[in-house]
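Numbering (the numbering used here), first residue to last: 50 to 331.
All residues carry an ideal CB built from backbone N, CA and C; glycine is no exception.
In this text, all values refer to a predicted model and were calculated from it rather than measured experimentally.
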Amino acid sequence: MREEEKPLIFSIVGNIALSLAKVYIGYLYNSISILSDGVHSLSDVITSVIGYFGVKISNKPPDDDHPLGHRRFENIFALIIGIALIFVSFELLKDSFFRFISRETIEVNFIMFGVVIFSIIFKEVMTQYSLIIGRKLNNKILIADAYHHRSDVLSSIAVLIGLILEKLNIYFGDALAGVVVSLMILKTGIDITKENILLLSGVRASEDLINEVREVILSHEKVLGVHDIKVYHLGSKVHVDVHVEVPCNISAKEMHDIETELKNRLEKLDNIEVAHIHIDLV
């Protein structure tokens, strides 16, 4: 099993157990906030399954139909996660609004508090695990899945506050928690969707990375100049296409050696998967 698959398997198994517990408790005690939180965790199962297959596909080697590899599938699946979050947020917002209008109250007990507090702790563990592996491997799916876990942590905190308000006989506590949960999920979904749309469009890399590419090339003793630098994202990785100026009196072998050396140097930089070097004689 690949390292990036382990957090997703852990996420799937953990969320199935957690969502079933919250849905059952929410339904048993008529709490819209706990029930919604359980549905949110259930959506985590769906998005983690999508993420798992996204990782499997994005790691496939290049083929005739995808000569540049399958990296963009990673962003496609992360985009699906973001859109799913947006839809979930609207459903929760609608349910919470109807609860607020009805002015219905609930009886809060320690079992309800217990399942919510456990959810907060467990989901934060899942968040940190996915973030650590995701950032280590620069895997957008794992990072998106981690922030999905984090939105569940925040939503459970909101639910906990709502239950406390209900315990204090404030009737809108449960409904208010549901509204807060839905808005948190909405923001996370929009952020993930926006980021992956940009990456799928082949957005240029950061200015810092572009400058680093330029410095690496110009540090070569035979290089006179550099132009037409293109540094852009292809999935979670970066591709480089650049024209390098060298003296016109060097041999073909020297040109090839310079091209090979610069390519190797650039591909050792973080996130750069492929570097295409074009030699120009001046």
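task = Return the Cβ separation of K286 and N320 in integer angstroms, given the expectation that the two are a contact with Cβ distance under 8 Å.
result = 6 Å
ask   = For N260, does the count of other Cβ atoms within 10 angstroms reach 16, so buried, or fall short, so exposed?
value = exposed
query = D329 by DSSP, collapsed to three states: which one?
reply = strand
Inter-residue CB distance, H282 and T237 (contact presumed, cutoff 8 Å) = Not confirmed; about 21 Å, so no contact.
task = Assuming E294 and V331 form a contact by the criterion Cβ under 8 Å, report the distance between their Cβ atoms to the nearest whole angstrom.
result = 5 Å
ask   = Can you find at least 3 beta carbon pairs, one from the stretch 61 to 81 and one from the stretch 166 to 178, that sit closer than 8 Å?
value = yes
request  = Assuming V208 contacts S82 (C-beta within less than 8 Å), just tell me the rounded distance between them.
outcome  = 4 Å
task = List the endpoints of the continuous alpha helix (DSSP H) containing D257.
result = 256 to 267
query = What number of angstroms, rounded off, separates the C-alpha of H269 from the C-alpha of V62?
reply = 51 Å
request  = Would you kindly work out how many angstroms separate the C-alpha atoms of V275 and H327, rounded to a whole number?
outcome  = 10 Å
message = Can you look up V165 in the DSSP assignment and give me helix, strand or coil?
response = helix
inquiry  = Please state whether the Cβ-Cβ distance between I241 and I130 is less than 8 Å.
reply    = yes
ask   = Any idea what DSSP makes of Y220, helix, strand or coil?
value = coil
ask   = In or out: F122 buried (at least 16 other Cβ within 10 Å) or exposed?
value = buried
key: Identity of the residues DSSP links to R184 by a beta bridge   = None, per the DSSP bridge assignment.
key: Own chain partners of K172 with C-beta closer than 7 Å, once the 5 adjacent residues on each side are dropped   = H198, D201, V202, S205
message = Mapping the DSSP letters down to three states, classify L20 as helix, strand or coil.
response = With the chain running from 50 to 331 in the structure shown, residue 20 is simply not present.
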